[in-house]
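Each position in the sequence shown, counted from 1, maps to that position plus 135 in this note's numbering. All C-beta atoms, glycine included, are put in the ideal place defined by N, C-alpha and C. Shown next, in structure tokens, is the structure this report addresses.
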Amino acid sequence: MNAYWQCFSGIVLREWLRFVLQRTRFLSALVRPLLWLLVFAAGFRAALGIAIIEPYDTYIPYEVYIIPGLACMILLFNGMQGSLSMVYDREMGSMRVLLTSPLPRTFLLCSKLLATSLISLLQVYAFLAIAWVYGVQPPAMGLLIALPALLLVALMLSALGLLLSNAIRQLENFAGVMNFVIFPLFFLSSALYPLWKMRESSEWLYGLCALNPFTHAVELVRFALYERFNPLALAVCVGLTLLFALLAVLTFNPQHAALRKAN
């Protein structure tokens, strides 16, 4: 057990040092959601009022509605950023060094996913603190209750990023693949607009949003922030986290970069 703990703490420390040394990574993670909150939300406030929908008990301004979606945006981009580091580590050979450990590969990869997720939580709560000062203030207890929901979503998106990184053979292809994944996941979800608004616009668009895993991630966090429980969103997120993690572990091949260089 001591060996497992030392290995896990070493992986977490490595990710933490990488995060501390890359200060622009922290700032860029906050710029995107803050841009939506401070600029776009101000423009949409008059045009888009949010009616009474769960988990809210009254009419709410647009800024209040988008906070859970913007928090999940940080987790989404960080999950994909974590997959970039996986591709980079595989290119540089450090992942092959890590996997020489006698500990199971499943444990090593899951430790990396959890380490990436914990770093993401720090950025999410930094954003929520700024939003609190700005005037968007979820219940204080909701911020605590949302912690396990945010961690689950971070793990799900990190596992998805790892799964996608397994299919990327070259670092140069990363940006195109990730943009093809990130933007549809984010915009075809309930992060920026409620699903009933999507349904008013288009039935098939509503169907895509309802099937989007990121929608369930956002709703899980939204309900948790306001001290409510969404069993469907929880079931979907738990199921997809296990599925993505299992497929990521099964398809992971640290020899991809070596094989490409040999050819």
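Quick check on residue i: does DSSP put it in helix, strand or coil?
| i | result |
| --- | --- |
| ILE195 | strand |
| LEU248 | helix |
| ARG167 | helix |
| PRO203 | helix |
| LEU238 | coil |
| PHE387 | coil |
| GLU189 | coil |
| VAL147 | helix |
For residue i, count neighbouring C-beta atoms within 10 Å of its own C-beta (all shown protein chains included) and say buried if the count is 16 or more, exposed if not.
| i | result |
| --- | --- |
| PRO203 | buried |
| MET276 | exposed |
| ASN314 | exposed |
| PRO273 | buried |
| LEU381 | exposed |
| VAL259 | buried |
| PHE212 | buried |
| TRP339 | exposed |
| LEU299 | buried |
| TYR139 | exposed |
| LEU320 | buried |
| LEU162 | exposed |
| LEU375 | buried |
| ALA264 | exposed |
| VAL174 | exposed |
| GLU150 | buried |
| VAL199 | buried |
| LEU152 | exposed |
Less than 7 Å separating the beta-carbons of residue i and residue j?
| i | j | result |
| --- | --- | --- |
| PHE358 | ASN347 | no |
| LEU297 | SER246 | no |
| LEU285 | VAL371 | no |
| ILE280 | GLU189 | no |
| PHE379 | LEU295 | yes |
| CYS344 | LEU330 | yes |
| THR386 | ASN301 | yes |
| LEU244 | VAL384 | yes |
| ALA176 | TYR197 | yes |
| TRP171 | LEU205 | yes |
| ILE317 | MET208 | no |
| PHE322 | PRO168 | no |
| LEU257 | SER293 | no |
*With contact counted as at least three CB pairs below 8 Å, one residue from each stretch, are the segment 312-330 and the segment 146-160 in contact?*
no
*Decide yes or no for the touch test of the segment 280-298 against the segment 244-253: beta carbon pairs closer than 8 Å, at least 3 of them.*
yes
_Given 8 Å, three or more beta-carbon pairs between the segment 259-274 and the segment 339-353_ = no
*4-residue-minimum alpha helix (DSSP H) runs that sit fully inside the segment 268-337, ordered along the chain*: 275-300, 309-322, 330-336
_Minimum length 4: unbroken alpha helix (DSSP H) runs contained in the segment 333-378_ = 338-346, 348-360
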